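Undergrad: Position one of the sequence shown corresponds to residue 210 (the working numbering), numbered consecutively onward.
A virtual CB, placed ideally from N, CA and C, is assigned to each residue, including glycine.
Since this is a predicted model, take the numbers as computed values, not measurements.
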Amino acid sequence: MEKILKKSDLGKWVAKLTGFDLYGPVRENDHWEFIKISHLESFPEDYTQVNVPLKKVVLPNREVLFQFEDNRNGGPHLQEVLPEEKEVIVFGVRPCDAQGIALLSKVFSGGIPDIYFERRREQVYVVGLSCYPIPEESCFCLSVGGGPFSTQGMDILLSDLRGSYFVEILTPKGEKLIRLGQEYFSDPTDKDRHKKKQLEKRAREMFARQIQGVEKIPPVLQKMFEAGFWREESFRCLKCGICTYLCPTCHCFDIADELSSPAPLQGKRVRIWDTCQFPDFTMHSSGHNPRPDKASRLRQRIMHKFLYFVETFDDIMCTGCGRCVAKCPVGIDIIDILNKVASHGA
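Encoded structure:
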């Protein structure tokens, strides 16, 4: 379903969405973050991309799974702590971040579903904003199956036609949000549709960087496990974890028990973000570490995204958001790495 929303009516529509927690892009110092808001009249003209992707809404960096205590009289007691039942609307989600949620769903909603992820995902409404006249220099979503107007993982996608938004309603959840303010929406004309297609064409032409032949990469990686290439590419790594913490699809976590009282025993079991780029991530209690150096850890990050995930889910675990390129303090560039991998199979 397609609609048109005047820019002057955006705030009026959002005001109709009562009963939801609203989140939108807010500038904090030199970057953008999804922050809880009370209203939304417009999207900032200079808004590009949030620093921490949408995954933090469905997979928080720290969440309590259950509480426990040892009651000497009544025995041990466990209490599961499920996510709060509160519907959330996130506005201004870029296509790469929405695609990240779709990829995370393959991990956490397939097989044996993760009830914590599932409950949060069910309660989140994703209202996206297409990328025009952006992208940033480090963006490469076109190389991994995405695009500046991609709808994967969206409930609604807004495309800026300057005086209005071209609105694509993509799911029943999106239809629900439109119905709550349906008086502000009208049907698009052929001129509106043509303008939207032209903007998408221009946006796709603006991408400065790409991976050359991404389809060649999985079979090449199968032959590169022992290559000295990984040591050369990882030499500068500081083991800071920025590349994974700010990635829309990286989802490694640790489980820890935090004690609030040793006697009587009381505490919480928590899930906390972790990263395969930390030396201790694969440390065994015996002292053995199967990935003891930076080379093996970089290899794992690339192999997981472009080989193991492809073999398991038939999809690349990367949305081309470019954060790992733009934010790496020593300039390790996944686009360069992947182009070098592709060249090995040329």
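Where D523 and K536 are concerned, what is the direct C-alpha to C-alpha distance, given to the nearest angstrom?
TA: 28 Å
Undergrad: Would you mind sorting A417 into buried or exposed? The rule is 16 or more other CB atoms within 10 Å of its CB.
TA: Exposed is the label assigned to A417, since fewer than 16 other Cβ atoms lie within 10 Å of its Cβ.
Undergrad: Let me know if D323 comes out buried or exposed under the rule of 16 or more other beta-carbons within 10 Å of its beta-carbon.
TA: Classification of D323: buried, given that the 10 Å Cβ count is 16 or more.
Undergrad: Can you tell me whether E237 is helix, strand or coil according to DSSP?
TA: When secondary structure is reduced to three states using DSSP, E237 falls in the strand class.
Undergrad: In whole angstroms, give me the CA-to-CA distance for K295 and R510.
TA: 34 Å
Undergrad: Taking 7 Å as the line, does the beta carbon of I324 fall inside it for any heavy atom of the ligand COA?
TA: Within the structure as shown, the ligand COA is missing, as the structure has no ligands at all.
Undergrad: Pick from S352, P397, E435, P344: whose alpha carbon is nearest that of M512?
TA: The shortest CA-to-CA distance from M512 to any of S352, P397, E435, P344 is the one to E435.
Undergrad: Is there contact between the region 417–429 and the region 228–237, where contact requires at least three CB pairs shorter than 8 Å?
TA: no
Undergrad: Have a look at W241, N238, F252, S495 and flag the residue whose alpha-carbon is nearest the alpha-carbon of R371.
TA: When only C-alpha atoms are compared, the closest one is F252.
Undergrad: By the 10 Å Cβ neighbour count, where 16 or more other Cβ atoms means buried, how is A472 classified, buried or exposed?
TA: exposed
Undergrad: I'd like to confirm the pairing. Which residues does DSSP put opposite H286 in its beta bridges?
TA: E278
Undergrad: Give the single residue among V376, K477, F300 whose Cα lies nearest to the Cα of Q276.
TA: Of the residues V376, K477, F300, the one whose Cα lies closest to the Cα of Q276 is K477.
Undergrad: Can you tell me the Cα-Cα spacing of N280 and Q475, whole angstroms?
TA: Approximately 9 Å between the Cα atoms of the pair.
Undergrad: Quick check on Q332: does DSSP put it in helix, strand or coil?
TA: When DSSP states are grouped into helix, strand and coil, Q332 belongs to the helix group.
Undergrad: Where does I544 sit, in a helix, a strand or coil, going by DSSP?
TA: helix
Undergrad: Taking 8 Å as the threshold (C-beta atoms), are C461 and C485 in contact?
TA: Closer than 8 Å, so yes.
Undergrad: Restricting to runs no shorter than 4 residues, where is the alpha helix (DSSP H) found entirely within the region 351–433?
TA: 381–388, 399–414, 426–430
Undergrad: On the criterion of 16 or more Cβ atoms from any shown chain inside 10 Å, does M526 qualify as buried, or is it exposed?
TA: In summary, M526 is buried, with 16 or more beta-carbon neighbours lying within 10 Å of its beta-carbon over all protein chains present.
Undergrad: In angstroms with no decimal places, state the Cα-to-Cα distance between E346 and I544.
TA: 12 Å
Undergrad: Is it buried or exposed for Q288, if we count other Cβ within 10 angstroms and need 16 for buried?
TA: exposed
Undergrad: For V266 and V333, which I take to be in contact (beta-carbon distance under 8 Å), what is that distance rounded to the nearest angstrom?
TA: 6 Å
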